[in-house]
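Going by full-length UniProt numbering, the sequence shown opens with residue 1, and the numbers climb by one from there. Here a beta-carbon is modelled for each residue, glycine too, at the ideal position from N, C-alpha and C. Note that the coordinates shown come from a computational prediction; the quantities given were computed from them, not determined experimentally. Worksheet for the structure shown next.
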Amino acid sequence: MAIPTRPGRTEPRVAIVHYWLVSMRGGEKVLEEMLRIYPQAEIFTHVVDRERMSPGILAHPITETFVGRLPGAKRHYQKYLGLMPRALEELDLRDFDLILSSESGPAKGVIGAPGSLHVCYAHSPMRYIWDHYPIYRERTSGLARAYFARTAHRLRAWDVTTAARVDRFVANSRFIADRIHRLYNRDADVVHPPVDLGAYRLPDPGGPRDHYLFVSQLVRYKRADLVIQAFRGLPHRLLVVGEGAERKALERDLPPNVTLLGRARAEDLPGLYQRAKALIFPAEEDFGIVPLEAMACGTPVLAYGRGGVLDSVIDGRTGLFFPEQSAAAIRAAVERFEAGEGVFDPQAIARQAQRFGPDRFRRDFAAAVERAAEELARRQAARHTGSIGVT
C-alpha cells in the first residue's frame with residue numbers, strides 16, 4: 001500500500017519531527033536511518049547544533065521551531081520545555097503527506113493536514129515528566145523546582161491529549177510499547193533501534209577474559225554504585241567505563257578490585273568487551289545499546305531483568321538476569337555465572353547481537369509505515385462509504 005500522496009506528486013512529501021538535535025546519540029542514529037528510507041524528507045526540530053550533527057543529517061533541510069531562536073537554546077534547551085508544545089503546534093505541516101515524529105522529548109504534538117499520515121517512533125514517552133519525574137525534580141530547588149513541577153503537570157495533560165494526533169505508534173522495545181499502552185491506551189508496533197556493530201567483533205580464540213565490565217554514564221539511574229558494592233570483597237576484577245556526575249562519590253570508597261577508567265576512546269571499547277568475562281548491566285533502560293555491543297564481541301550480559309534488555313538478552317544463552325536492582329542480586333548473579341550456570345557460546349551470542357542491525361531497522365520500520373498507510377486508507381474508505389449511505 002503506497003503512502004497517501006497529494007495529486008500531481010510522484011512521491012510523498014515527508015516531514016520528520018525530532019525533539020532536538022544537540023548530539024549524535026541513539027535517537028539521532030534512528031533519524032539517520034529514517035532519512036535513508038525517505039531521502040526526500042525534511043527535518044523539523046526545536047533546536048539544532050549543526051557542529052555536532054552528522055553529514056547525513058545536515059544534507060537535509062532543517063527547520064527549527066521558535067525555541068531555537070531563544071537565548072541560550074543550544075545549551076539550555078531544557079529551560080524552554082514549557083514552550084515546546086506551542087512551538088510544535090505553530091509548525092506549518094499542512095503540505096506534508098507523511099509525518100514521522102521521533103519522540104523522546106516533545107515531538108508528536110504537531111498538527112498535520114486532514115488525510116495525512118502520522119507515525120510516531122517512540123524512543124520513550126517523556127520520562128522526566130512520568131516515571132523519572134522524582135529524579136529530575138530532586139535536581140532542582142526553590143523557584144526552579146516550582147517551575148518544573150508546574151511545567152511537568154501541564155506537559156502530562158498535553159502529552160496524553162496529543163496521542164490522538166498519531167495514526168500509529170512504533171516503539172523501540174516491548175517495554176516502551178507497554179508504557180505507551182499504559183499512558184495513552186494505544187497499541188504500538190515494536191521495531192528495535194538500529195545498532196551499528198561494525199567495530200565490535202569476536203576476539204581471537206583463546207584470548208584472555210580477565211575482568212567484569214560496566215559501561216555507562218555515571219549518573220544515578222545507571223546504578224554503578226550497586227555494581228561497585230556488589231564487587232566489594234569478591235575476588236574478581238571490575239572495570240568501570242564512563243564519566244558523569246556520580247564519579248566523585250564513587251571514588252570516595254572504591255574497593256581495591258574496582259578500577260574507574262573514565263571515558264573510553266571508541267577504538268579502545270571493543271577490546272575491553274572482548275577481554276571481559278561478562279558485562280554487568282543493572283539499569284532499567286528503554287532498549288539498551290551497550291549489551292548488544294558486548295554481545296557482538298561474544299561477551300555474556302548479566303542484566304537487571306526489566307526493560308528493553310528483555311528483547312535482546314536471552315537468559316541462560318546470551319546472559320543471566322537478576323531479579324532486582326540491588327548489590328546482593330548482582331553479587332548472586334556473578335556467583336551463579338562463576339559457578340557455570342548457563343551455556344554461553346561466543347558465536348551464538350554474537351549472532352544474537354547481529355539481529356539488531358540498521359538493515360533490519362529500515363526494513364521493519366518501512367513495513368510499519370506501510371501498515372499504517374493501509375489502516376488509514378481503510379478508515380477513510382469506511383468514512384466515505386458511510387457518508388454516502390452505502391450499506
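Practice problem: Jot down the residue ranges of each uninterrupted alpha helix (DSSP H) in the stretch 55-103, minimum 4 residues, whole runs only, in chain order. | Solution: 55-58, 73-76 and 84-89
Quiz item: Is it the case that the Cβ atoms of ALA224 and PHE214 are separated by a distance below 7 Å?
Solution: yes
Quiz prompt | Beta-bridge partners of GLU42, as assigned by DSSP | solution = ALA15
Exercise. Taking the CB atoms as reference points, tell me whether ASP131 and ARG13 lie closer together than 7 Å.
Key: no
Quiz item: Below 7 Å between beta carbons: does that hold for ALA15 and LEU93?
Solution: yes
Quiz item: Under three-state DSSP, which class holds residue 395?
Solution: The chain is shown only over 1 to 391; residue 395 falls outside these bounds and no answer can be derived.
Quiz item: Which residue from PRO300, GLY198 and PHE44 puts its Cα closest to that of VAL334?
Solution: PRO300
Self-check item: Rounded separation between LEU239 and THR161 - CA only
Solution: 45 Å
Practice problem: Taking the CB atoms as reference points, tell me whether LEU261 and ALA278 lie closer together than 7 Å. | Solution: no
Practice problem: Return yes when the Cβ of GLY307 is within less than 7 Å of the Cβ of PHE175, no when it is not. | Solution: yes
Exercise. Have a look at ALA249, VAL47, THR151 and TYR200 and flag the residue whose alpha-carbon is nearest the alpha-carbon of VAL22.
Key: VAL47
Exercise. Over the uninterrupted alpha helix (DSSP H) stretch that includes ARG336, give me the two end residues.
Key: 327-338
Quiz prompt | Nonlocal neighbours in the same chain, by C-beta distance under 8 Å from GLN354, ignoring five residues either side | solution = LEU197 and ALA296
Practice problem: Determine the closest residue to LEU310 out of ASP268, ALA327 and LEU292, with distance taken between C-alpha atoms. | Solution: LEU292
Exercise. Between the Cα of PRO203 and those of GLY342, ASP286 and GLN274, spot the shortest distance and give me the residue it belongs to.
Key: GLN274
Quiz item: Over what stretch of residues does the alpha helix (DSSP H) that includes THR259 continue unbroken?
Solution: THR259 -> not in any alpha helix (DSSP H); beta strand (DSSP E) instead, spanning 258-262.
Exercise. Taking only beta-carbon positions, decide if GLU33 is within less than 7 Å of chain B.
Key: No chain B appears in the structure shown, which is made up of a single protein chain.
Quiz item: How big is the Cα-Cα spacing for LEU117 and PRO205?
Solution: 51 Å
Quiz prompt | For SER173 and VAL190, the rounded distance between their alpha carbons | solution = 6 Å
Quiz item: Buried or exposed: where does LEU376 fall if 16 or more other Cβ atoms within 10 Å of its Cβ makes it buried?
Solution: buried
Quiz item: What are the boundary residues of the beta strand (DSSP E) that HIS181 is part of?
Solution: Element bounds for HIS181: not the beta strand (DSSP E) but the alpha helix (DSSP H), 174-184.
Quiz item: Does the Cβ-Cβ distance between GLY244 and VAL227 come in under 7 Å?
Solution: no
Quiz prompt | Pairwise C-alpha distance: GLN380 and VAL390 | solution = Its pLDDT being 49, under 50, VAL390 is placed unreliably in this model, and the coordinates cannot settle the point.
Quiz item: Based on Cα-Cα distance, which residue from LEU269, GLY8, ALA327 and ASP286 lies nearest to ILE180?
Solution: ASP286
Self-check item: Residue(s) in a DSSP beta bridge with ARG168
Solution: VAL119
Practice problem: Enumerate in chain order the residues of its own chain whose CB-to-CB distance from MET24 is below 8 Å, with the five nearest sequence positions on each side excluded. | Solution: ARG52, MET53 and SER54
Quiz item: Can you tell me the Cα-Cα spacing of ALA2 and ARG137, whole angstroms?
Solution: 45 Å
Exercise. Report the option in GLY68, GLN78 and TYR38 whose CA atom is closest to the CA atom of VAL59.
Key: Contrary to the premise, residue 59 reads as Ala rather than Val in this sequence. The candidate whose alpha carbon is nearest that of ALA59 is TYR38.
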